[in-house]
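In full-length UniProt numbering, the protein residues as written are 1 to 538. Quick reminder that beta carbons are idealized off the backbone N, C-alpha and C, glycines included. For clarity, every value in this text was computed on a predicted model and none was experimentally measured. Notes for the one structure printed next.
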Amino acid sequence: MRKLIVILLCFLLVTPALNGKRAQASGLSTETSIKQIETSGNLTMYLSNNGDLMSWTTIQDGSPNIKKVAGDIQQFSLDSSSGYIAIKSNGEVINKSNRFSNDEVDLKRIGKVKQVAHNIYEYRFINEKNELWAFSMNAWGNPVTQPEKVMDNVKQVSTSDSGTFIVTTKDELWAYGNSMSYAIDAGFELENGPVKIMDNVEKVQLGSDYDSFVIALKTNGEVWGWGKNPSYQIGKNLPDIVEEPSFIISDIIDLSVGANYSMAIDSEGQLWGWGGNIYGQIGNDSVDAVGTPKMVMQNVSKVATSLNDWDKATFVVRNDNTIWGWGSNSYNILSSSTSKDILTPIKIIEIQNKPSVVTGVYNNASEWAKPELVEAEKKGLLSPVINESFKAKITREKFSEIVIKFYEALTGESLATVAKNPFTDTVNAEVLKAYDLGIVKGISPSKFSPNNFITREEMSVMLIRALDKAKPEFDYNYDYFRFEDEKEFSTWSQSSIKLLRSMGIILGDTNNNFNPKKSTTIEEASVMVYRLLKAADK
């Protein structure tokens, strides 16, 4: 134990004291619509600023098969077997890890979660109180432990099967687990609980269990590493196991650590890579290991590396809102034109949606509606009516436009223009999209009557049709509470009204009546659509 303590003390003594965290250079713009991107080798996911979690597995006919898997997400974690855990903005955990069910593990005891890190067997959560909680699974998918609190004042965590490294709110690096796996001297007993490793750390990430190395980004932009080094994970001209922190590169603002390699972004937006490169995952047109950080490309804002030991690919988000990738292409996750690995960066996606702009100005809107109108505008639902009086009655045309925004928000896809038009009284593109999907019908084969006010039961039917089209697997497992005026429901609207009622989307008036034949206002319709989006977007 003395040996490691001396090593770490020497490291801390020669590291300059910091008065504050290093600022990003003003010349680098990272204002993209993507908040986070991760990859597992055969699955890539990205989180948009609007909370939409998107994914793709393969490139088909030159384009990725992108689909929206969840909404209202603030952060997510992807493991090497393509399982993921996502955290909603309200702290709720969405478990798609393929390893445990919520019935087996009591996640509620953690509280509201704001960050998760996991691999196949180990699960770490940071809650809104900055408490770190942890539990483990065994190889058969059974929980070894229930969530237990590990420590307080935690801001970031990285974990593997044999070690967990923690950055505190005071920028201290702590660790616990199997000390030998991460080349920490056997006398330094991490098995006994979290032990402080060093100060002034902004972020830490671990390589795979097989490669077992640690990369730490310090608050002054320096990157240090230690652990196994057969593929130059720490650097060239170093032993196969680097037992003390070794300097790698400076002026770094963010990094991502893969199974046996690392990629880092500097303050000018330049991307650097080093370590294993057998699949071309560094992106330098080679498959030779890179012993000294190599600059790969410029204008990069986000980077994702793969912890998968056998299929390693790298993805980046550039400042122009495009996603690029390179490395292993065995699942056609990079290109459909070849099954060979891609050794230099290629463009995969050009993201169309820009960061949300919220005006917060709603003409003549009621005070009760404004909080939800703000959220509806963030989701893009109000663009068809933003210049209207919100207390005005909503027409068939305007509601059709909002419903299409609802459908696109749920699917994460922008619908193509529809050429065929059976109506003689409208050429509205959104109306034609809704008609083409079967969400809305005309009042006759050739008439749509766009300016007619839509009734409450017509809106209900359109919303359920749109939800069924966007999410055919949606589970309507809710309790129904009857309305007093159910006898006034049209036969074709009854089931839709009851479904929306059971979900709490529509409420009765003071007499518990729905008033199905009455019209409604723009603000009432907008709030109704937003509430359904919030309920369905899980």
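Distance, Cα to Cα, residue i vs residue j?
i           : j    : result
K433        : L463 : 14 Å
L310        : G291 : The amino acid occupying residue 310 in the given sequence is Trp; Leu does not appear at that position. Each residue's alpha carbon lies about 20 Å from the other.
L206        : K236 : 19 Å
L132        : S89  : 18 Å
W368        : E524 : 10 Å
Y46         : F453 : 40 Å
N260        : I342 : 18 Å
G325        : L53  : 19 Å
W224        : S212 : 15 Å
residue 540 : K370 : For residue 540 there is no data in the structure shown, the boundaries of the chain being 1 and 538.
T314        : E38  : 9 Å
I394        : T520 : 6 Å
V257        : A70  : 25 Å
E222        : I249 : 6 Å
N130        : R318 : 31 Å
G327        : K170 : 37 Å
residue 553 : A289 : Past the edges of the chain, shown from 1 to 538, lies residue 553, and the structure says nothing about it.
I351        : N321 : 6 Å
V105        : A264 : 35 Å
Q74         : S80  : 21 Å
A429        : G504 : 31 Å
N119        : E486 : 51 Å
K218        : L255 : 11 Å
If you run the structure through DSSP and keep just helix, strand and coil, what is residue i?
i    : result
K433 : helix
Q494 : helix
F399 : helix
G27  : Residue placement at G27 is poorly supported in this model, since its pLDDT is 38, which falls under 50; the coordinates still yield a value, given next. Of the three classes helix, strand and coil, the one that applies to G27 here is coil, per DSSP.
Y84  : strand
V385 : coil
R482 : coil
L532 : helix
L415 : coil
Y346 : The identity of residue 346 in the sequence shown is Ile, whereas the question assumes Tyr. Note: I346 maps to strand in three-state DSSP.
K469 : helix
V317 : strand
M295 : strand
R99  : coil
K487 : helix
S330 : coil
L499 : helix
I443 : coil
P371 : helix
S519 : strand
F406 : helix
I110 : helix
S262 : strand
Rounded to the nearest angstrom, how far is the Cβ of residue i from that of residue j, given a contact under 8 Å?
i    : j    : result
W226 : V204 : With 8 Å as the limit, W226 and V204 do not qualify as a contact, their Cβ atoms being about 11 Å apart.
D266 : I252 : 6 Å
Y530 : S502 : Going by Cβ atoms, the distance from Y530 to S502 rounds to 18 Å, so no, they are not a contact pair.
V527 : A376 : 7 Å
Y121 : A134 : Rounded, the Cβ-Cβ distance is 11 Å, inconsistent with contact.
V113 : N98  : Actually they do not touch by this definition, with Cβ atoms about 19 Å apart.
V431 : S400 : 5 Å
I349 : I323 : 4 Å
S493 : S460 : 6 Å
L43  : S82  : 4 Å
A409 : L271 : Contact doesn't hold; Cβ gap of about 32 Å is too wide.
K68  : G412 : 3 Å
Classify residue i as buried or exposed, calling it buried when 16 or more other Cβ atoms lie within 10 Å of its own Cβ.
i    : result
A419 : exposed
M295 : exposed
S40  : buried
N387 : exposed
K498 : buried
W56  : buried
P445 : exposed
E202 : buried
F483 : buried
D537 : buried
V358 : exposed
L382 : buried
W443 : Per the sequence shown, the amino acid found at residue 443 is Ile instead of Trp. That one is exposed.
G269 : buried
V157 : buried
Tell me the DSSP bridge mates of residue i?
i    : result
L78  : Y84
S339 : According to DSSP, which records beta bridges pairwise, S339 is partnered with nothing at all.
Q205 : I215
W56  : T44
E122 : S136
V300 : R318
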